[in-house]
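Here the protein sequences come in this chain order: A and B. Numbering-wise (this note's numbering), the first sequence opens with residue 1 and increments by one. Numbering-wise (this note's numbering), the second sequence opens with residue 1 and increments by one. We put the beta carbon where it would ideally sit given N, CA and C, even for glycine. This one's a predicted model, so the numbers in the text were calculated from it and none came from an experiment. Here the structure comes first, spelled out in structure tokens, and everything after it is commentary.
2 protein chains.
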Amino acid sequence: MTSTAPAVPALDFVFHPRSIAIAGVSAREGMGFGGGGFVTSLQEIGFQGPIYLIHPTAPAIRGLKCYARLTDIPDQVDYVISSVPARHVAGLLEDCITKGVRVLHLFTAGFTETGDAERAKMEQAVIARARQAGIRLIGPNCMGLYVPSARLAMMQGQTASPGPVGMVSQSGMNAGEFVRYAMPRGIRCSKVISFGNGADLKAADFLDYLTDDPETEIIVAYLEGIQDGPRLARAVRRAGAAKPLAILKSGRTEAGSRAASSHTASLAGSAKVFDALCRQAGALRVESLEELVDVAVTFRFVKHLGGPNVVVVGGGGGASVLAADDLDAAGLEVPPLLNETQEALAKVTQEAGTSIRNPIDSMNMWDDKNFEGTLLPCATAPNIDVVLYHTSFGMGPGARFADPRGRMARQTESLRRIQEESGKPIVVAIRAPTTDEAFQQTNEMQEMLWRNGIAVYPSIARAGHALANLLRWQRMRQ
Amino acid sequence: MTSTAPAVPALDFVFHPRSIAIAGVSAREGMGFGGGGFVTSLQEIGFQGPIYLIHPTAPAIRGLKCYARLTDIPDQVDYVISSVPARHVAGLLEDCITKGVRVLHLFTAGFTETGDAERAKMEQAVIARARQAGIRLIGPNCMGLYVPSARLAMMQGQTASPGPVGMVSQSGMNAGEFVRYAMPRGIRCSKVISFGNGADLKAADFLDYLTDDPETEIIVAYLEGIQDGPRLARAVRRAGAAKPLAILKSGRTEAGSRAASSHTASLAGSAKVFDALCRQAGALRVESLEELVDVAVTFRFVKHLGGPNVVVVGGGGGASVLAADDLDAAGLEVPPLLNETQEALAKVTQEAGTSIRNPIDSMNMWDDKNFEGTLLPCATAPNIDVVLYHTSFGMGPGARFADPRGRMARQTESLRRIQEESGKPIVVAIRAPTTDEAFQQTNEMQEMLWRNGIAVYPSIARAGHALANLLRWQRMRQ
């Protein structure tokens, strides 16, 4: 922690290849997974250097000229993606050495994670040879990199728009799901790394990199196993001291730990020891991918809570009662509002189905003017630290209003202004939609909100849990 | 419990009015909540008797002739919905008595739940007068009834297609949300009752009714308060002995209990005492509306589990590891498959990214033939009680297949056949969609599945939790 970060972290070259070759692209169309999947993803995100394909017989695939061997490519190749069977990797590596390649990403699986001793030996031999030749390996058994600023994508649908969240993930699927779920809620990424078995470059290397990376402000991680415990512990402590850090560590149960070993040859290690490390390091340990996304949203948009006191605002008595239970159970407080606040609220509310104590259950909020008239006194209340507004689409009186988009925009603008004026975070929970139209409206509102700096969650319980996580994180770092 | 159920339960007349009058419909258009909301809902679901409106001055609203007073209506009125202010309810009740009305549903709020002693007294006076005159009251402060077979709806979007699930709910919003979330997952209702303050007819009355109702096979309840504890306890025990029963009881925390009092004037009571009652009665206590929906789906489609052993099948190593953790944490088992089962699976699987131990992480399942070839050996494995298949739309290789609808239909047909042939339940988890197209596909697949008798859940964790709840319920009733 005494070391100062270098201007350009040592591993930076890994994330900025100028040219890529892919070995193992199927000549058959329609096989979207494996090598061909990477071609599609790189083309879609607009990788700006040349993409070379290696195929033993095909003259061209998808219009891209094929080379029988890597060494046949006339130009410099920085980065190679391998989708060939495991037994062909050693040969490909030799070609990489000859060609002066700097990074080999092994999508190829079938090594240590099979549990077969021969295949584990094969993996070790490949690593030893790569080390000797100075080539860095990502994988095997992984999806590699998503780096918007370098126009690298590991899957389709990944935006080229960059942002401050970096991710280290032992699973490509979980990396992809994190990106997919976090994107519509305003999370943009600096670097996302899926590293699989981590035979050469490991979680600790990538954590160190993200800690030093000036483009990364928030770090999230999905880990299955513990490789080189003391080094990983150092990297977690260093990252946790420098930046907000959340870790989803699977293999916390016996069945999960067995599955982790099948998946990435991981030794899950003791959940207790890992918990203790996280507490020490000021790293937030979470238990699901949804929670990891929610925490990223909270680090990004809520940033800091002054205390545990939430005011809950929205239409619907039943939802209010359950919200109070959920927030209280999460470790937050839902205190009664002071008389002065209740008096201010009484001016904009009506009798039926209304409570102005906290939770606020007001049908009058369907009216634009009363919306701000209800939320502003709540946000400025002296005994309140954060406002939770909940709503939904496709149901209730809101479903029958004309111009839903205009209404969303006006509500968002009110929320933005109240957040700014009160200096307290506003968070929004939009309950799950059930119709196509409501789904579209939910997504539109979500986008308006995060573009105005407001955190949004898919349920009151998840918003509450995320806020409680932020408080827990703040306390760990006190 | 020794009493035999009467052929027609005593309260049956409440659920089958032949004509309805609504007092308090606004003459202004566009005010969709309150009295006018009931007009819309009743018209939409196709209520078959006449709907009369009561308004002091308007000649007609929405084309329906208005009467200045209930007593001006020339025909018989069975059921009156009141949306007038609380101070006018006593007068309306006198008219109901004169007119021979049998049931008065008070949507009207502003009684005991306000915490005002005068208003509590007003509620008591109304109840005393109604009892004396033999009129039954639903409410005050509630949404009333949704009865598909009688074409009664409390909100828009409620289907006229009936089914075996009955619900008692102190909150109209939570009743509406239950129906809204349960409907696309195959839950159809017999009777749904929102009863608010429960000043006359209470949870115990409605539970007794559903226990005796031949159209109701499964009962779910949302309760905020305990009214007449010993009677409620008897009703819960009677219902739990007769039918699968799940209860969401809010007010389990201090904040929730305060909110329940503001909402429906409820005394939440001790969470521990209520828990003990549920255990005794064989009633499953749940903690969220989502869990209540999941339990209804599980009672309806899974029905019974032979034991805790789950095989998890689907593409994606990271999801498999998290699934194993989630299921283990929920109290289920994810045992390694026997050698004979693994050998059968080895015939249809390939090397890369695959595990055939359990969870099964097989990319080959994207192929139709291998889909059944993978799932059938899993379902018939001697050490397995239930199959959990997980998938998603809009991501991964599946997103690129032509004819997604045909593929869904073939997968559903395979799952149906395997469930039938193996005699073991198959459940499906479809992870949350993020695009409009994926949302539509998710809903289509969901509908195909439940129409073929297969339970479907929005995440692996929720499926696991629901299966564990079913096991817990089975053990309570042993």
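ask   = With DSSP run on the structure shown, which of helix, strand or coil describes residue 66 of chain B?
value = Three-state result, residue 66 of chain B: strand.
task = Jot down the residue ranges of each uninterrupted beta strand (DSSP E) in the segment 342-408 of chain B, minimum 3 residues, whole runs only, in chain order.
result = 386-391
ask   = Just by C-beta distance, which residues in the segment 228-257 of chain A are closer than 7 angstroms to chain B?
value = Under the 7 angstroms Cβ criterion, the segment 228-257 of chain A contributes 250, 251, 252, 253, 254, 255, 256.
Residue 125 of chain A vs residue 112 of chain A beta-carbon contact at 8 angstroms = Cβ atoms of residue 125 of chain A and residue 112 of chain A: not closer than 8 angstroms.
query = Using DSSP with H/G/I as helix, E/B as strand and the rest coil, what is residue 456 of chain A?
reply = strand
request  = Classify residue 144 of chain A as helix, strand or coil using the three-state DSSP reduction.
outcome  = strand
inquiry  = Which of the three DSSP states is assigned to residue 243 of chain B in this structure?
reply    = coil
ask   = Expressed to the nearest angstrom, what Euclidean distance is found between the alpha-carbon atoms of residue 49 of chain B and residue 63 of chain B?
value = If you take the alpha carbons of residue 49 of chain B and residue 63 of chain B, they lie about 16 angstroms apart.
Residues near residue 465 of chain B in its chain [Cβ-Cβ closer than 6 angstroms; skip 5 each side] = 330
ask   = DSSP on residue 443 of chain B, reduced to helix/strand/coil?
value = helix
task = Alpha carbon to alpha carbon, how far is residue 297 of chain A from residue 82 of chain A? Give it in angstroms, no decimals.
result = 34 angstroms
request  = For the alpha helix (DSSP H) containing residue 99 of chain B, list its first residue and its last residue.
outcome  = That run of the alpha helix (DSSP H) goes 89-99.
query = So which residues on chain A does residue 222 of chain B lean against when the C-beta distance must stay under 8 angstroms?
reply = 318
key: Residue-chain proximity (residue 105 of chain A, chain B), Cβ-Cβ < 8 angstroms   = no
query = Taking Cβ-Cβ distances below 9 angstroms as the criterion, which residues of the segment 157-178 of chain A are in contact with chain B?
reply = 157, 169, 170, 171, 172, 173, 174, 175, 176, 177
query = Who are residue 105 of chain B's beta bridge partners in DSSP?
reply = B/81, B/138
task = With a 10 Å radius around its C-beta and 16 neighbouring C-beta atoms as the bar for buried, classify residue 170 of chain A as buried or exposed.
result = Residue 170 of chain A comes out buried.
inquiry  = Checking the sheet assignment: what are the DSSP bridge partners for residue 249 of chain A?
reply    = A/223
query = Assuming residue 334 of chain B and residue 386 of chain B make a contact with CB atoms under 8 angstroms, what is their CB distance in whole Å?
reply = With a Cβ gap of about 11 angstroms, residue 334 of chain B and residue 386 of chain B do not count as contacting.
query = From the beta carbon of residue 457 of chain A, is the nearest beta carbon of chain B less than 8 angstroms away?
reply = no
message = Count Cβ pairs between the segment 181-198 of chain B and the segment 284-300 of chain A that sit closer than 8 angstroms; are there 3 or more?
response = no
key: For residue 451 of chain A, the nearest candidate out of A/476, A/416, A/433 (CA to CA)   = A/416
message = What are the residues in the segment 437-448 of chain A lying within 9 angstroms of chain B by C-beta distance?
response = 439, 440, 443
query = Run through DSSP, which three-state label would residue 285 of chain B get?
reply = strand
inquiry  = Using a Cβ-Cβ distance cut-off of 8 angstroms, determine whether residue 211 of chain A contacts chain B.
reply    = no
ask   = Which residues, in order along the segment 179-193 of chain B, keep a beta-carbon less than 7 angstroms from a beta-carbon of chain A?
value = 180, 181, 184
message = Output needed for residue 89 of chain B: all residues of its chain with C-beta closer than 7 angstroms, excluding positions within five of it in sequence on either side, in chain order.
response = 82, 106, 108, 126
ask   = Looking at the C-beta of residue 263 of chain B, does it have a partner C-beta in chain A at a distance below 8 angstroms?
value = yes
message = I'd like to confirm the pairing. Which residues does DSSP put opposite residue 53 of chain B in its beta bridges?
response = B/22, B/66
task = Report the neighbours of residue 359 of chain A on chain B: residues whose CB is nearer than 7 angstroms to its CB, in chain order.
result = 259
key: Backbone secondary structure at residue 471 of chain A - three-state DSSP   = The answer is helix: DSSP assigns residue 471 of chain A an H, G or I state.
task = Would you identify the three-state DSSP class for residue 149 of chain A, choosing helix, strand or coil?
result = helix
Beta carbon proximity, residue 327 of chain B to chain A, threshold 8 angstroms = yes
request  = Provide the residue span of the alpha helix (DSSP H) that contains residue 126 of chain A, from first to last.
outcome  = 117-133
key: Residues bridged to residue 189 of chain A (per DSSP)   = DSSP, once it has assigned bridges, lists A/165 as partnering residue 189 of chain A.
ask   = Which whole-angstrom value describes the C-beta separation of residue 277 of chain B and residue 246 of chain B, a residue pair presumed to lie in contact below a C-beta threshold of 8 angstroms?
value = Incorrect: roughly 14 angstroms between the Cβ atoms, too far for contact.
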